[in-house]
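Input: a single structure, listed below in structure tokens.
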């Protein structure tokens with residue numbers, strides 16, 4: 001299975017909204033298609049959004065008919081803006097856009113810029129994959145044989161178009177022959193845990209138990225959780241982490257039970273411009289995600305809903321941040337600076 | 341709307357599994373019907389289970405054809421056993437069965453026993469309703485004007501066949517003219533918050549926001565929650581409380597944020613025979629409740645699921661227990677003994 005694949009002048013993706021019931025692949029032929037695939041979460045997960053954005057921008061560049069460099073750049077910036085406007089929280093999206101804008105600015109002529117952008121997108125994808133593997137390898141050292149690990153949302157190949165972040169760490173430890181047991185939270189409202197993590201763990205043959213988000217404290221209290229590992233959508237310079245809604249609650253619970261809480265993410269997720277987690281824009285999504293599950297209403301009509309897609313976990317709750325450049329521990333300000 | 345109604349030789353209930361989409365009433369004519377209505381959660385909520393059980397036992401007694409008192413008692417004990425075997429956690433169920441067995445044992449002849457059991461069931465229902473109102477009135481004193489209150493699961497009229505417990509406190513405070521804002525958690529897996537609490541709050545015209553269970557910490561951290569109020573399925577002599585899965589996590593989160601955490605329940609929920617919360621039997625329900633929502637699969641087939649319906653909140657997380665006989669504060673051992 002390839003989550004995102006560059007096919008020259010089109011991009012093939014697996015539609016994650018259809019999983020696990022159906023494995024549907026789509027070929028996207030325009031940058032607008034990519035933008036809506038990101039917005040509608042056919043592609044999701046911060047690193048996978050970054051990869052899709054890179055290919056989307058490359059596709060957009062190839063589509064531009066302009067003959068002057070300045071006209072090209074004007075249209076190219078519009079492409080970048082539309083890709084940027086899809087989702088606000090994941091750092092990887094903006095990091096990729098910055099890289100692509102830099103490549104375009106450095107190019108001599110239109111043809112050379114187009115080629116360079118395609119190469120850069122492919123490079124972003126392969127670097128992202130490599131970062132996944134490195135951080136998974138490093139992170140696996142934190143996982144003991146026989147560990148029972150709680151994870152939230154989805155952070156495997158689907159989320160990264162690579163090896164995975166938090167789930168990559170679990171996969172690597174599993175491949176090392178460690179006996180593991182995973183607790184996967186279903187991750188309401190969009191059930192990425194129940195739909196995607198369960199699907200990936202099943203394929204990887206890693207024993208797991210699916211639980212509702214509300215059960216995490218119960219299993220922690222019973223001493224059934226050795227550590228928690230989650231991914232990240234954006235990490236500030238001082239280690240505050242934006243991740244799927246519910247992550248903060250899990251971090252507070254882990255802290256109350258003396259359970260290590262790890263964040264696994266490539267350094268492309270770190271936003272050095274921010275020193276407070278509360279500066280991170282939190283996407284608020286449609287109320288229907290809460291009132292309906294796969295089209296079926298579970299609440300009375302017209303109820304008021306607030307649906308923040310992410311929350312912020314302060315660094316004091318994070319035992320370590322696992323990146324491809326090393327494992328960072330508090331104090332995060334220095335630690336994060338030190339590894340780069 | 342009457343949640344449970346005694347109609348002589350039958351019992352009329354609202355089918356809570358069909359709400360909020362459909363308001364369906366059923367007439368149950370045998371104690372086995374009542375037992376399966378409790379087991380399948382057409383009637384749920386600890387106090388409502390108690391009321392339904394009382395009527396179920398009365399129905400069962402009326403059905404007995406025995407002519408000797410000893411034969412009657414033998415068959416009556418079987419009725420009680422079948423009603424007792426429906427659900428293990430709610431104390432109210434067993435408290436009611438004990439009352440009904442005592443009434444039967446005290447009766448002179450079969451006809452007198454049957455009459456006494458019907459009277460006792462009706463008395464249990466009206467006492468339960470009165471207890472709701474008293475505890476709601478007492479609890480409302482803890483609610484300030486302008487409070488924003490988080491509640492979990494469903495504890496209104498549907499859950500009690502009366503005025504409500506935690507939701508009763510909220511209703512009373514609302515009727516006092518206090519401006520309130522409620523956050524209702526959807527309460528996975530069976531979504532009693534989204535389906536039932538939302539429906540009841542809407543009917544009561546109390547402003548509320550529906551959130552997923554995973555969002556509680558987010559709103560607490562933002563300072564948007566003034567207190568948490570939940571119901572209880574069983575409270576031990578030292579104040580440990582069994583309640584809907586997820587309650588324990590909310591209590592730990594409330595504690596971490598310095599937010600008062602209240603349990604509202606009638607004294608019929610208190611089990612004086614237990615001094616450790618971990619002696620309370622926790623019902624484990626079907627995996628399908630987690631893997632499916634209203635019949636729609638959200639997880640791959642055949643995944644492993646653990647589905648505890650309740651968890652235990654240690655007394656140190658509970659700011660106060662609101663009962664019809666008074667508000668109990670720590671130390672709970674003495675406090676609970678002292679009010680009775």
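Chains as they are written, first to last, in the working numbering: chain B, 1 to 340; chain P, 341 to 680. We put the CB at the ideal spot given by N, CA and C, even for glycine.
Tell me which same chain residues have a C-beta within less than 8 Å of the C-beta of residue i, skipping the five on either side of it?
i: residue 297(B); result: 291
i: residue 250(B); result: 150, 152, 185, 216, 228, 230, 261
i: residue 109(B); result: 69
i: residue 171(B); result: 136, 156, 163, 164, 204, 206
i: residue 9(B); result: 29, 59, 62
i: residue 32(B); result: 82
Identify, in the order they occur along the chain, each residue of the same chain with its Cβ nearer than 7 Å to the Cβ of residue i, setting aside the five sequence neighbours on each side.
i: residue 225(B); result: 148, 150, 183, 219, 259
i: residue 625(P); result: 647, 649
i: residue 145(B); result: 178, 179
i: residue 541(P); result: 522, 524, 548
i: residue 247(B); result: 152, 230, 311, 313
What are the boundary residues of the beta strand (DSSP E) that residue i is part of?
i: residue 576(P); result: 574 to 576
i: residue 284(B); result: Run containing residue 284(B): none; DSSP gives neither H nor E here.
i: residue 437(P); result: Element bounds for residue 437(P): not the beta strand (DSSP E) but the alpha helix (DSSP H), 431 to 446.
i: residue 352(P); result: 351 to 354
i: residue 263(B); result: 261 to 264
i: residue 209(B); result: 208 to 211
i: residue 651(P); result: 650 to 653
i: residue 5(B); result: 4 to 6
i: residue 225(B); result: Where residue 225(B) is concerned, there is no enclosing beta strand (DSSP E), given that its DSSP letter is neither H nor E.
i: residue 328(B); result: 326 to 328
Given a cut-off of 8 Å, decide if residue j and residue i are closer than it, judged by their beta-carbon atoms.
i: residue 161(B); j: residue 51(B); result: yes
i: residue 439(P); j: residue 404(P); result: no
i: residue 271(B); j: residue 222(B); result: no
i: residue 117(B); j: residue 34(B); result: no
i: residue 334(P); j: residue 494(P); result: Outside the displayed range of chain P (341 to 680) lies residue 334(P), so it cannot be described from this structure.
i: residue 240(B); j: residue 273(B); result: no
i: residue 620(P); j: residue 426(P); result: no
i: residue 299(B); j: residue 550(P); result: yes
i: residue 528(P); j: residue 214(B); result: yes
i: residue 499(P); j: residue 360(P); result: no
i: residue 167(B); j: residue 322(B); result: no
i: residue 232(B); j: residue 265(B); result: yes
I'd like the list of long-range same chain contacts for residue i, defined as Cβ closer than 6 Å, with 5 residues on each side in sequence excluded.
i: residue 212(B); result: 186
i: residue 54(B); result: 96, 121, 124
i: residue 654(P); result: 580
i: residue 75(B); result: 64, 66
i: residue 537(P); result: 494, 524
i: residue 660(P); result: 602, 667, 669
i: residue 344(P); result: 353, 391, 392, 501
i: residue 43(B); result: 13, 37, 52
Between which two residues does the alpha helix (DSSP H) carrying residue i extend?
i: residue 486(P); result: Run containing residue 486(P): none; DSSP gives neither H nor E here.
i: residue 242(B); result: Unbroken run through residue 242(B) is the beta strand (DSSP E), 241 to 244; no alpha helix (DSSP H).
i: residue 160(B); result: 157 to 160
i: residue 661(P); result: Element bounds for residue 661(P): not the alpha helix (DSSP H) but the beta strand (DSSP E), 660 to 663.
i: residue 557(P); result: 556 to 561
i: residue 479(P); result: 450 to 480
i: residue 248(B); result: 247 to 256
i: residue 76(B); result: 69 to 84
Applying a beta-carbon distance threshold of less than 8 Å, which residues of chain P neighbour residue i?
i: residue 189(B); result: 552
i: residue 253(B); result: 589, 592, 593
i: residue 316(B); result: What residue 316(B) touches in chain P: nothing, since even the nearest Cβ is about 12 Å away.
i: residue 21(B); result: 637
Below 7 Å on C-beta distance, what does residue i contact in chain P?
i: residue 111(B); result: Here the premise fails: no neighbours, minimum Cβ distance about 46 Å.
i: residue 199(B); result: 640
i: residue 47(B); result: Ordered by position in chain P, no residue passes the 7 Å Cβ test against residue 47(B), which lies about 22 Å from the chain.
Counting only Cβ pairs nearer than 9 Å, list the residues of chain P close to residue i.
i: residue 156(B); result: The contacting residues do not exist; residue 156(B) stays about 13 Å from chain P at best.
i: residue 311(B); result: 554, 555, 557, 558, 561
Starting from residue i, find everything on chain B with Cβ-Cβ shorter than 7 Å and list it in chain order.
i: residue 535(P); result: 298, 299
i: residue 646(P); result: 209, 211
i: residue 519(P); result: What residue 519(P) touches in chain B: nothing, since even the nearest Cβ is about 15 Å away.
i: residue 342(P); result: What residue 342(P) touches in chain B: nothing, since even the nearest Cβ is about 20 Å away.
Anything in chain B within Cβ reach of residue i, meaning under 9 Å, just list it in chain order.
i: residue 596(P); result: 252, 253, 255, 256
i: residue 438(P); result: In chain order: nothing, as chain B lies at least about 29 Å away.
i: residue 355(P); result: Those do not exist, as residue 355(P) stays about 16 Å from chain B at its closest Cβ, beyond 9 Å.
Note down, in chain order, every chain B residue with its Cβ under 8 Å from the Cβ of residue i.
i: residue 633(P); result: 293, 294, 296, 298
Listed from N- to C-terminal order along the chain, which residues in the segment 204 to 219 of chain B have their beta-carbon within a distance smaller than 9 Å of any beta-carbon of chain C? In the displayed structure, chain C is absent; the protein chains listed are B and P.
3-residue-minimum beta strand (DSSP E) runs that sit fully inside the segment 167 to 193 of chain B, ordered along the chain: 181 to 185
Runs of beta strand (DSSP E) wholly within the segment 353 to 406 of chain P (minimum 3 residues, chain order): 365 to 368
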